[in-house]
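One gets this note's numbering by counting positions in the sequence shown from 1 and adding 28 to each.
Using N, Cα and C, we set each Cβ at its ideal position, and we do this for glycine too.
Here is the structure we will look at.
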Amino acid sequence: MTRSEKISVTILMTSAAALLAAGSFFDLDIAKTVHMGNHPLAVFFAVVGVFCFDGSFIFFIGALLRKLFLSLKKRSGKVLVAIICTYLAVSTSTIGATALFAESCLAFLFDDPPKTLPELILWGLLLFFPLGIAGYFANGKNSSKEDIRILVSILISITAAFFFSWFIKHLAMRPRPRVILRDLEGLEFYPWYLFRKPSADLIARLDLSSDDVSSYFSAHAMQSAMNMIFFPALPSVIKRLKGQEVKLFIFASVLCVLISFSRMVMGQHFLSDVATGVMVGLIFTILFNRIVYRDYRRFA
């Protein structure tokens, strides 16, 4: 990495490790102090976080489709990649809409938020799918094997991160701060390292949803840290951004802090959840830069 990028990653990783240590002892006290409910600014950054992660996937799918169209000669090959990319874009749009209208994001705005698959597909097509179209046209006529390799690697990284966070959340089943602070009978706070998940009977008795017990770790924080992969990769699609990689990297670093803190303000995550998420996202970012980029003048 360049010197500026190394400094950004070092500061964030060191800070996240220190905050994880602090959260191990003071999670509940900090949650009580910073919790402000659905504060407009916090909600805004939560929404930004969803669009940065799921939206990036869809945008890069559109760009990848354009690059493949330019490089493939056979019509059958173009039809196949069009079908695959469209399926990935639609399914990811649906996942993005699901995250957007979840109880941990915008559900509070609706008496009856979208929940059924047809509703989520429709909202996904309206809100997220256009980003794929934007990626397709933003790419222009730029195509190279190196660009295609990088975009495919980004999509694989996003997919791996998504399933890893999903697995840990379902393994830990830690109640969110907004649930703990309601002082529900039988539901106790426990530190992140105990993995003392509530029983199925207790969850049913308290009428808790799966989202209510998805606190550890913060996928928003992980995803916001991975913006340090997505943003510097934009010049491979939008050529006029060439040479702005460092600025994009630093902007992503700042956005990571804002998005992560917003999750605590909304009562969706404890400090340790956010700190762990940032650390996981940074690990994905470091591994991506080490493994994928062959141009070690930027990523060494």
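Residue burial classification, residue i (beta-carbon count within 10 angstroms, cutoff 16)
i: residue 38; result: exposed
i: residue 31; result: exposed
i: residue 95; result: buried
i: residue 321; result: buried
i: residue 328; result: Low local confidence applies: a pLDDT of 38 at residue 328 is under 50, so the model's placement there is unreliable, and no value is given.
i: residue 198; result: exposed
i: residue 204; result: buried
i: residue 46; result: exposed
i: residue 291; result: buried
i: residue 282; result: exposed
i: residue 68; result: exposed
i: residue 72; result: exposed
Residues of its chain near residue i, where Cβ-Cβ distance is below 7 Å and the 5 sequence neighbours each way are ignored
i: residue 324; result: Low local confidence applies: a pLDDT of 40 at residue 324 is under 50, so the model's placement there is unreliable, with the coordinate-based value given in what follows. Cβ within range, chain order: n/a, list empty.
i: residue 136; result: 66
i: residue 228; result: none
i: residue 167; result: 91, 94, 95 and 265
Whether residue i touches residue j by CB criterion (8 Å)
i: residue 182; j: residue 97; result: no
i: residue 156; j: residue 142; result: no
i: residue 295; j: residue 230; result: no
i: residue 36; j: residue 278; result: yes
i: residue 217; j: residue 304; result: no
i: residue 133; j: residue 189; result: no
i: residue 237; j: residue 147; result: no
i: residue 92; j: residue 180; result: yes
i: residue 52; j: residue 219; result: yes
i: residue 293; j: residue 70; result: yes
i: residue 185; j: residue 316; result: yes
heavy atom of the ligand FMN below 7 Å from residue i C-beta
i: residue 118; result: This structure simply doesn't include the ligand FMN, nor any ligand for that matter.
Close beta carbons around residue i, own chain, < 8 Å, minus the five adjacent residues each side
i: residue 359; result: Shown here, the chain extends from 29 to 328; a query on residue 359 therefore has no answer.
i: residue 196; result: 244 and 245
Closest Cα partner of residue i within the set the options
i: residue 202; options: 180, 299, 223 and 149; result: 223
i: residue 171; options: 311, 191 and 100; result: 100
i: residue 161; options: 113, 45 and 315; result: 113
i: residue 299; options: 243, 215 and 280; result: 243
i: residue 177; options: 261, 272, 278 and 163; result: 261
i: residue 50; options: 221, 92, 239 and 74; result: 221
i: residue 164; options: 245, 232, 271 and 265; result: 265
i: residue 169; options: 282, 60, 267 and 42; result: 267
i: residue 78; options: 127, 44, 116 and 102; result: 127
i: residue 154; options: 92, 86 and 213; result: 86
i: residue 192; options: 317, 139 and 311; result: 311
i: residue 90; options: 158, 56, 53 and 52; result: 158
i: residue 234; options: 212, 145, 195 and 187; result: 212
i: residue 194; options: 144, 247 and 184; result: 247
i: residue 241; options: 276, 200 and 271; result: 200
i: residue 57; options: 214, 297 and 318; result: 297
6 Å CB neighbourhood of residue i in its chain, flanking five on each side removed
i: residue 274; result: 30 and 32
i: residue 151; result: 125 and 142
Cutoff 8 Å: residue i Cβ touching any chain D Cβ
i: residue 60; result: Of the chains in the structure shown, none is chain D; there is only one protein chain.
*Say whether the region 101-118 touches the region 60-78, bearing in mind that this needs 3 or more beta-carbon pairs closer than 8 Å, one atom from each stretch.*
no
*Report yes or no: do the region 119-126 and the region 73-86 share at least 3 C-beta pairs separated by less than 8 Å?*
yes
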